[in-house]
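Below you'll find the structure, written out as C-alpha cells, and then a few comments.
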Ligand SMILES: Cc1ncc(COP(=O)(O)O)c(C=O)c1O
C-alpha cells in the first residue's frame, strides 16, 4: 500500500474521523437546540432524549458480555490484565510493601502535585526507559511529565504535537491497539496506517513496513510499539529496529513510542527498552509514552509518563513549559498515589530488585501458557500451524481465528475475546488451557 492511497484500513479511519467530527458538529447543533425552550426535548422531557445508544468499547465490551454470562466455565481472554494461576487479579508484593511504607509515613500529605507530576517519579521513569547512563538524561535533553497511565501519556503527547509540530499526520501500524486511532484523531492528528502484520506468516511484514514508511511524507509522526506489539505479539528483531531507525531518521520521521509492556515481554526491563534506546542513542528527537499498568500491575491507579527527548536542554525546558499549558486545562495535575508507589519502588534498591523478580515471574507464566496452549493443540491434532503461539511475545496471541470462529467459541464454550481473534495469554491458567484448546479445535474443525 502506498501511504497516500486509500486502503480499507484508511477508509475505516476516515469514517472514524468523520464520525468523531460529526459528534462535535452535532453537539454544536444541540447547543443551539437546547437554547430554545420548545425543542431538543423528548417525550419524557429530557434534553438528551435524542441520543442514540453508543456501542460498547470493542475491548472493554468483551468484559461486559462476560460478566452477564452465568456459565461456570466462562473464560475472559479479552481484556489485557494479568491473572494468577487461580484466575485472580494480582497485586504485587512489592506494591503492597510500598503502599505500607507510604501509609506509615505521617509526613505525607494530600496536596496537589505540580502540573507535571511527581518530580522523583518523572526522573526515575526516564531512567527506567532510557537507561541509567543515558546521555540524553545526563545532558538534560529529556523532559518527562507524569500522565494518566499509557493512554493519558499518548493523549498529552498527541495534543502537544497537534498544537506545536509542523506535521499533523501520524502513521500507526495495521493492526494496532484499538484506542490509538481514537486518541490521535480526537487530539487533532490525521491518522494513516503502515503495514505491520502479515496474516500469511503470522509474523512481521517488514518489507511492507519499510515501503510504507519510505513513502511517508517527510516529518510525519510514526507510532511504534516499543515491545510486545498489541494485538499481534509480533516485534521487529533488533536488526530490523536498526533498519527502521535508519530509514526514519533519513526521512526526518518523528518516532512516538508506546511503551505499555516494558519488562512484560521478555521479563527483562532493559531488553524490552532496546527499541527506544536504539533511537535515543543517535541523538535524535522522539516521544515515549510509558505505562505502569501491566508491569507493576497498577492498572486502576492510572500511572504513566510522557517523555520528550530533544536536541538540547534549552529546547527540552521550553517543551516542558508548553506541556504544562496542554495539561492544565485537561486535568490540571495528575493523581499522587500511584506515582508515589512507583517512585518508592524505583528509588529503593531492594524493592526495585524484588519488583524485577515478580515481573519476571509474570512474564514467565505467560510464556509457559504459550507453550501449554501450543502443546494442547498439538496433542489434539488441531489442523493448522500453531507455532505462532510460541513465537509471538507479550500479553497477547493473535490466533488467526476469524470473527465467526470467535463467535462460535463464545456461544458454545463461553470463551470471551475480541472479534479479531486476539487472546490475552495472561488470562489463561493450566486449568483453563484444555478448555481453550477444545474450543479452538472445535472452532477450526466445525465452525464456518
Ligand atoms: C499498546 C497499548 N498502549 C497503551 C495502552 C494503555 O494502557 P493504560 O492506559 O491502561 O496504561 C495499552 C493497554 O492495553 C496498550 O495495549
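Numbering (full-length UniProt numbering), first residue to last: 1 to 448.
Think of the CB as a built atom: it goes at the ideal place given N, C-alpha and C, for glycine as much as any other residue.
Next item on the list: Specify the secondary structure class of residue 336 as computed by DSSP and reduced to three states.
Entry: coil
Notebook entry, point to check: What do you reckon, is the C-beta of residue 225 under 7 Å from a heavy atom of ligand 1?
Noted result: yes
Next item on the list: Return no unless some Cβ of chain B is closer than 8 Å to the Cβ of residue 330.
Entry: No chain B appears in the structure shown, which is made up of a single protein chain.
Notebook entry, point to check: Would residue 216 pass as a contact of residue 171 if the rule is Cβ separation under 8 Å?
Noted result: yes
Margin query: Taking a contact to mean a Cβ-Cβ separation below 8 Å, would you say residue 316 touches residue 304 in this structure?
Written below: At least 8 Å separates the beta-carbon of residue 316 from that of residue 304.
Notebook entry, point to check: For residue 343, which residues of its own chain have a beta-carbon under 7 Å away from its beta-carbon, when the five flanking residues on both sides are left out?
Noted result: Answer for residue 343: 118, 120, 121, 124, listed in chain order.
Item checked: Among 66, 42, 425, 255, nearest to residue 413 - alpha-carbon criterion -> 66
Margin query: Just to confirm, is the Cβ distance from residue 270 to residue 393 under 8 Å?
Written below: Not a contact, by the Cβ cut-off of 8 Å.
Checklist line | beta strand (DSSP E) runs wholly inside the segment 348-418, at least 3 long, in chain order | finding: 396-398
Check: Is there at least one non-hydrogen atom of ligand 1 closer than 7 Å to the beta-carbon of residue 299?
Finding: Yes - ligand 1 has a heavy atom lying nearer than 7 Å to the Cβ of residue 299.
Check: Can you list, in chain order, the residues of its chain whose CB lies under 8 Å from that of residue 24, leaving out five sequence neighbours each side?
Finding: At residue 24 the pLDDT is 43, less than 50, meaning the model places this residue with poor confidence; the figure from the coordinates comes in the next sentence. Here the set comprises nothing.
Item checked: Spatial neighbours of residue 226 in its chain, beta-carbon cut-off 6 Å, leaving aside the 5 residues before and after -> 257, 259, 275, 276
Note to self: Can you tell me whether residue 146 is buried or exposed? The criterion is at least 16 other CB atoms within 10 Å of its CB, across all chains shown.
What the structure shows: Its Cβ being crowded by 16 or more others within 10 Å, residue 146 is buried.
Margin query: Judging by CA-CA distance, which residue of 131, 425, 327 is the nearest neighbour of residue 391?
Written below: 425
Notebook entry, point to check: Quick one: Cα of residue 129 to Cα of residue 50, how far?
Noted result: 47 Å
Margin query: Could you check whether the Cβ of residue 230 sits closer than 7 Å to any heavy atom belonging to ligand 1?
Written below: yes
Notebook entry, point to check: Per DSSP, what kind of secondary structure is residue 59 in: helix, strand or coil?
Noted result: coil
Margin query: Would residue 443 and residue 401 be called neighbours here (beta carbons separated by less than 8 Å)?
Written below: yes
Next item on the list: Could you tell me whether the segment 186-205 touches the segment 360-368, where touching means 3 or more Cβ pairs closer than 8 Å?
Entry: no
Item checked: Proximity test, residue 386 beta-carbon vs ligand 1 heavy atom, cut-off 7 Å -> no
Next item on the list: Alpha carbon to alpha carbon, how far is residue 248 from residue 209? Give it in angstroms, no decimals.
Entry: Looking at the two C-alpha atoms, the distance is approximately 11 Å.
Item checked: residue 305 beta carbon near ligand 1 (any heavy atom closer than 7 Å) -> no
Notebook entry, point to check: Candidates 360, 68, 42: which alpha carbon is nearest residue 295's?
Noted result: 360
Next item on the list: Report all residues from its chain with a CB closer than 8 Å to the CB of residue 435; omit the five preceding and five following residues, and keep chain order.
Entry: 73, 75, 413, 415
Checklist line | Beta-bridge partners of residue 305, as assigned by DSSP | finding: 146, 290
Check: Buried or exposed: which applies to residue 32, given that a residue is buried once 16 or more other Cβ atoms fall within 10 Å of its Cβ?
Finding: In this predicted model, residue 32 has a pLDDT of only 39, less than 50, meaning its place in the structure is not dependable enough to derive any value.
Note to self: Following a CB-centred definition, is residue 260 positioned closer than 7 Å to any heavy atom of ligand 1?
What the structure shows: yes
Next item on the list: Give the secondary structure of residue 192 by DSSP, where H, G and I count as helix, E and B as strand, and everything else as coil.
Entry: strand
Checklist line | residue 176, enclosing beta strand (DSSP E) - first and last residue | finding: Run containing residue 176: none; DSSP gives neither H nor E here.
Notebook entry, point to check: When you compare only the Cα positions, how much space is there between residue 84 and residue 218?
Noted result: 46 Å
Note to self: Bridge partners for residue 422 per DSSP, in chain order?
What the structure shows: 398
Item checked: Contact between the segment 83-99 and the segment 316-332 (3+ Cβ pairs under 8 Å) -> no
Next item on the list: May I ask you to report which of helix, strand or coil DSSP gives residue 82?
Entry: coil
Checklist line | Other residues of its chain near residue 127: CB distance less than 7 Å, five sequence neighbours each side excluded | finding: 137
Notebook entry, point to check: Does ligand 1 have a heavy atom nearer than 7 Å to the CB of residue 426?
Noted result: no
Check: Nearest CA to the CA of residue 441: which residue from 324, 423, 381, 371?
Finding: 381
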